[in-house]
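Engineer:
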Amino acid sequence: MTDATPDTAPPAFTPPLTDRPIGGVDAAQSNAAMADKILTMPVQPLIDGRYAVRVLEVRGRRTGTWHRVPIAVVQVHGRRYVLSPRADRPWALNLAANPACALLSADGRQDAVAHRAEPEEAVAALRLYLSQLRWAQDQFPFSARATDDEIRARLTDVAVYRLEPAPWGDWSRP
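Reminder that position 72 of the sequence shown reads as 54 in our numbering, one-by-one numbering, no gaps.
(1) Does DSSP put residue 141 in a helix, a strand or coil?
(2) Report yes if the CB atom of residue 21 is closer than 8 angstroms to the CB atom of residue 35, and no otherwise.
(3) Cutting at 6 angstroms between CB atoms, please list the residues of its own chain near residue 61, excluding the five before and the five after it.
(4) Go ahead and label residue 150 buried or exposed: buried means 16 or more other beta carbons lie within 10 angstroms of its beta carbon, across all protein chains shown.
(5) For residue 100, which of helix, strand or coil comes out of DSSP?
(6) On a Cα-Cα basis, can you pick out the residue from 75, 28, 44 and 19 that is closest to residue 96?
(7) Pop quiz: residue 32 and residue 92 are said to be a contact at Cβ under 8 angstroms. What is the actual Cβ separation, rounded to whole angstroms?
(8) Looking only at its own chain, which residues have a Cβ that is under 7 angstroms from the Cβ of residue 69, when we skip the five neighbours before and after it?
(9) Taking all protein chains shown into account, decide if residue 73 is buried (16 or more other Cβ within 10 angstroms of its Cβ) or exposed.
(10) Just tell me which of 25, 49, 42 and 85 has its CA closest to the CA of residue 146.
(11) Would you kindly work out how many angstroms separate the C-alpha atoms of residue 121 and residue 148, rounded to a whole number?
(12) When you compare only the Cα positions, how much space is there between residue 55 and residue 128?
(13) Spell out the partners DSSP gives residue 90 in its beta bridges.
(14) Any idea what DSSP makes of residue 53, helix, strand or coil?
(15) Using the Cβ count rule (16 or more neighbours within 10 Å means buried), how would you classify residue 57?
(16) Relative to the C-alpha of residue 82, which candidate in 52, 51, 105 and 41 has its C-alpha closest?
(17) In terms of alpha-carbon separation, which member of 39, 118 and 103 lies closest to residue 130?
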């Protein structure tokens, strides 16, 4: 038996993706640069079983200021989802506080209302996301090969939002 003192205890788990500066650039600067790039790129169509990059615009829960975040949107059975490997990401917390949001692309703006996905649809959206964006797999608290039950058990740790057209919005563009 070994002594586990604070000096020898294993470090606490830290998810690999954080809001810490990466390569001297903070997350806000990196997100802004990527959002600008996405807004000038040819628009990827949103089709079932695939993902497309967009800019998600959310209102800050404390300031009310609009924030833009580059994001992959997946579409499952005609429904659009945005996901985060951590439920405590600022954009996810902002959506929880104020579900009005928008998807932006070079084609324009699609106003939406975000709803926390039900467990079964969350599992389906997560499976699609992890199969399409393999580079993101190690950021989630479960593997891409996890069972549905294992994923369901961790749904409070991740954020999965279904985006519905806002009553005032136009979703005629893909």
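Ideal Cβ placement from N, Cα and C applies to all residues, glycine included.
Structural biologist: The answer reads as follows:
(1) Residue 141: strand per DSSP, three-state reduction.
(2) Annotated as distal: residue 21 and residue 35, with beta-carbon spacing of 8 angstroms or more.
(3) Counting only Cβ-Cβ distances below 6 angstroms, and skipping sequence neighbours, we find 144.
(4) In summary, residue 150 is exposed, with fewer than 16 beta-carbon neighbours lying within 10 Å of its beta-carbon over all protein chains present.
(5) In the three-state reduction of the DSSP assignment, residue 100 falls in the coil class.
(6) Across the set 75, 28, 44 and 19, the C-alpha of 75 shows the shortest separation from the C-alpha of residue 96.
(7) With 8 angstroms as the limit, residue 32 and residue 92 do not qualify as a contact, their Cβ atoms being about 17 angstroms apart.
(8) These residues qualify, in order along the chain: 138, 139, 140 and 141.
(9) With 16 or more other Cβ atoms within 10 Å, it is buried.
(10) For the set 25, 49, 42 and 85, the Cα lying nearest the Cα of residue 146 is the one of 85.
(11) Taking the straight line from one Cα to the other gives about 30 angstroms.
(12) Straight across, the Cα-Cα distance linking residue 55 with residue 128 is about 21 angstroms.
(13) DSSP lists 87 as partners of residue 90.
(14) If DSSP states are grouped into helix, strand and coil, residue 53 belongs with the strands.
(15) Classification for residue 57: buried.
(16) Comparing Cα-Cα distances from residue 82 to each of 52, 51, 105 and 41, the minimum goes to 41.
(17) Of the candidates 39, 118 and 103, the one whose C-alpha sits nearest the C-alpha of residue 130 is 103.
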